[in-house]
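Chains as they are written, first to last, in our numbering: chain E, 24 to 454; chain U, 1153 to 1454; chain R, 505 to 677.
Working notes for the structure below.
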Amino acid sequence: MTDPLTLAIVLIVVLVIAGQSVGITMIAGSLMYLVLAGRDPGLAPETMLQGLFNGYTLLAIPLFILAADIMNVGSLADRLLRFCQALVGRFRGGLGHVNVVSSVIFSGMSGSAVADAVGMGKIIIGMMTKDGRYTPQYAAAITAATATIGPIIPPSIPMVLYALVADQSIGFLFAAGILPGLMMAFMMAGMNYVIARRRNFPVDDVVPARELPALTFKALPALLLPVILLGGIYGGVVTPTEAAAVAAFYALVISIVLYRSVSIRQFYGALLSSARSTAAVGILVAGALAFEYVIVREQVPNQIASVMLDWEMNAITFLIAVNVLILVLGCVLEGGAILLIIVPILIPTAEALGIDMVHFGVVVVVNAMIGLITPPYGLLLFIVSNVSGAPIGKVIQEIWPFLLALIAALIVITFVPDIVLFLPRLLGYNG
Amino acid sequence: QDAIELIYSDTVSPTDIRSETLQTEFGDCLGVGFDFQPFHGATLFEQGTELTAMQRGNLDMGNLAPFDFQNQVPSTSVLGTPFLFRDYEHMRAVYDSDVIDDMLAEIEETAEVKVLAFPYIGARHIGYVGDERIMTPEDLDGVQLRMPPGEGWQFVGEAMGATPVPVPFTEVYTALQTGAIDGQDNGFPATRSMKFDEVLTHIGTTSHLIASNLFTISLETWNEMTPEQQTTVQGCADGFEAALDAITLQQEADLAAEIAANGVDVYMPDNAAFREHVLGVYRASEYSADWPEGLVEAIGDM
Amino acid sequence: MEALVKTGLWLRARAENILAALLLSMFVVFLLQVLFRYVLNISVDWTVEWVTLAWLWGILFGYAFVVKGREVIRLDMVYYAVPRPWRRVFDIFGGLVIAAIFIFTLPAVWDYIDFMARERTAALRIPFNWVFSIYMLFAVAVIIRALVQVWDAVTGRGPHVHLPQDPESHDYD
Ligand code: NA
Ligand code: NA
């Protein structure tokens, strides 16, 4: 590592701790690095502008936020809340479980954890925090933690990137993600259960069974939304990114036609608040893109990985080292860059140690996703903090139990390859 | 004296055989006087931004597609015209001859980069999910064919007779699987590395583009080298081109057989019909306005 | 002074209009794309480009002119844990460093953006210097906001004066 890089990292850490805008600080740090290193300062804005302009899969973010905002003003979210309350309100932590389940459903249509956190996340955080049932930080933390399931259950962009780099079948990798994704969901539901008991979360009165049909009917349009989106995607009508726009459109049409509940003023309000969140979150993505150039150009990941590979390792210690490495790098690099830079360096060793490459892929992707919620710098933490309005410090306090649950899931995934490989083997994978 | 630093960026996966070949045949060939630093997978510069990065002195080398030059040297669009080359031998003969020397001079003059070699990366075919074979441009009517994003690429799909859809490369597999698109056009090597053959039912070997990259160095970097160093770089680039040609041809033969053996219907459509249709569409389009006078004919006569 | 505030409010409202319009255009254009491609079977490539354009501009324009200080994503645990004089020091130091870096690099970045005039977008054929020009507005806004933050800290106004909310006030557990 050269001095300009060290100085840039120190500057970023100091400014972030001093409470300055995280996105702007990352851009400023990258600019300073370029000046000190005697390179073209235009490179940081270039990487940032080109990265945003080419970031097609990020486009789902503003549209899912818009869908959520429309559902909130258009009473769809309210109806959904009342239905969920009737169904699970009597159980402690019931809405927390709804959060987990919704993430599993959402993961079937999105390949991106960020889209999950801002899309479903916004609606469900609103439901959980309404009337003070849950604290914003708890709702935010469980939302961030469950959003990591998105790219584990197919479709998944990180899995496609891994398949390309490691020359593995996408079909088998997609299949391999399903059970680990469900297991992560199960672990987080378990953690929610434990916390709900321990803290004695409030429960609602039992809703008589005869009221259920009416509540279900009222919530039906909202309940149909995932059905329509999943049908649209797997029926080949829309791509996952376009599904975000369809979701917003559907919410708008239902609210206007069925409920007559969205005025022009409210629609404008939803547009503006969604665009605001998008800008606040987007500048963080922009800062990460600018800083990525610095990290890649200085070959930081390659250097750390090659130091690591100098150690004498067996399969177990290797997998542990890989887990730690990716969790640490996950603080500064998004999933795509990790897969493209680190994985090629690790593959020869993994193969030499006799590790199954489909198994290795799931371990690496789960790892990269957990890196998104690892304090202090995790993109998803910042996003849910913004969406929920909970201070980031509070969100971090609440994330620890879920992080532990996910790491426990990761350990199981790492050391019990059969869980990962069971479905691919059913489909004919011989590994 | 310090070794000459050569920063290189491309969009190919770092584990692709093309990346390995680049290191062994070009990087290692350069020897001690050079410090060759390749960055793969578009991790350093986004796809399509390498040319401006070279012009700004931020990048020394890249492996570009003809369309990357479209804005600055419009005449290069002729190299991206489908059915310009009959086959690999024809393509190689054209690039080895002096028939495009004027265009290369224009590239150096206008874009301030030097093309060192034209390594072959494979012929593009139409691969799709369907019940019946597509034999002619008419059969492609209404077929949603994924083409790379960008006007030049989209027009290729249109000229072939399909409805072109610009889906990002990483989303193509899922889009094929769900039916959001019916097909895509890539060569056998990319079809395999992106696992499209897991989903495709048919591959019609149209060979509509006999594709090579433009292995390019910034003119500034080039001019800073001594004549001996330039000879070394050019020699290694030629070696890289020859090696990649051989590997790609071998890969195409092997993969065609392997993919067919896995149950994909690999067949040859009525390529004469495609050729006639496509060239007709191009001649009538604004693209042919940028073509250098008589070049298409000169290439065709070779 | 009152007129100045009034103008400021009017400008902010117009900036909000523009930002909302950008998102609305993304929404409508994406729906048009689905309609064109899957219902009418017409090939379009300008739609995706417009949406990415609106996304890029929406982020930088929105951050520069619409996002308020308290909406900005920051790691504020330490900031709100230290005594008020320290917070003023943080704001002065952070504001000055950020403003200095953005001012110092502005000419070089302008050089890049101006240079991009030679490239155009694939579908709409918009010169890239226009597409990327939003960075200049963004950078100038970042500089001004950083300097305002410094001024607020020096004169004793700004967020360091009070806690955002009492940290325990909306705690239910
Ligand atoms: Na998914
Ligand atoms: Na969730």
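Note that beta-carbon positions come from the ideal geometry of N, C-alpha and C, so glycine has one too.
None of these values were measured; they are calculated from a predicted model.
Check	Outcome
Given 8 Å, three or more beta-carbon pairs between the stretch 249–256 of chain E and the stretch 280–299 of chain E	no
Counterpart residues of Y1419/U in DSSP-defined beta bridges	G1356/U
Buried versus exposed, by CB contacts within 10 Å (16 or more), S1437/U	exposed
Endpoints, alpha helix (DSSP H) assigned at L1366/U	Here L1366/U belongs to no alpha helix (DSSP H); instead the beta strand (DSSP E) covers L1366 to S1370.
M336/E beta carbon less than 8 Å from that of A344/E	yes
Check whether S1370/U and P1271/U have beta carbons under 8 Å apart	no
From V188/E, F209/E, K417/E and L348/E, residue whose alpha carbon lies closest to that of Q326/E	L348/E
N- and C-terminal bounds of the alpha helix (DSSP H) containing I434/E	I415 to F438
Under 8 Å between C-beta atoms of E1404/U and G1282/U	no
Rounded straight-line distance, which links the Cα of W614/R to that of W634/R	12 Å
Proximity test, Cβ basis, 8 Å: D615/R and chain E	yes
Which listed residue (G1209/U, E1177/U and V1184/U) has its alpha carbon closest to that of I1159/U	G1209/U
Beta carbon of A413/E nearer than 8 Å to that of A168/E	no
Distance CB(M206/E)-CB(A391/E) smaller than 8 Å	no
Beta-carbon proximity of P244/E to L281/E, cut-off 8 Å	yes
CB contact below 8 Å: N1365/U versus chain E	no
Distance, V111/E Cα to N77/E Cα	42 Å
Residues of the stretch 52–65 of chain E whose Cβ lies closer than 9 Å to any Cβ of chain R, in chain order	G52, L54, M55, L57, V58, D63, P64 and G65
Buried/exposed call for W554/R, threshold 16 Cβ in 10 Å	buried
Local conformation of R1276/U per DSSP, three classes	strand
Bridge-paired residues (DSSP) for D1187/U	E1157/U
Selection from V1295/U, T1233/U and Y1247/U that minimises the alpha carbon distance to W1443/U	T1233/U
6 Å Cβ shell around G599/R - same chain, five flanking residues per side excluded	A650, Q653 and V654
Local Cβ density within 10 Å of W561/R, reported as buried at 16 or more and exposed below that	buried
Test: N1375/U CB closer than 8 Å to a CB of chain E	no
Candidates D333/E, A360/E and L369/E, of which the one nearest N346/E by Cα	L369/E
Short CB-CB distance (under 8 Å) between R320/E and chain U	yes
Closer than 8 Å to chain R by CB, P1444/U	no
Residue nearest to H1277/U in terms of C-alpha spacing, selected from A1409/U, S1161/U, N1375/U and Y1419/U	Y1419/U
For T1338/U, three-class secondary structure by DSSP	It should be pointed out that residue 1338/U corresponds to Asn in this sequence rather than to Thr. In this structure, N1338/U counts as strand in the three-state DSSP scheme.
Neighbourhood of W1374/U by C-beta, 8 Å cutoff - its chain only, sequence neighbours within 5 removed	K1266, Q1382 and V1385
Cβ shell of T551/R (< 8 Å), same chain only, five flanking positions each side left out	V533, F534, L536, Q537 and F540
Chain U contact residues for I193/E, given Cβ-Cβ distances below 7 Å	Y1325, K1347 and E1350
CB contact check: L295/E to chain R, cutoff 8 Å	yes
Three CB pairs or more closer than 8 Å across the stretch 1183–1202 of chain U and the stretch 200–215 of chain E	no
Contact residues within the stretch 1160–1176 of chain U, judged by C-beta distance below 8 Å to chain E	S1165, P1166 and T1167
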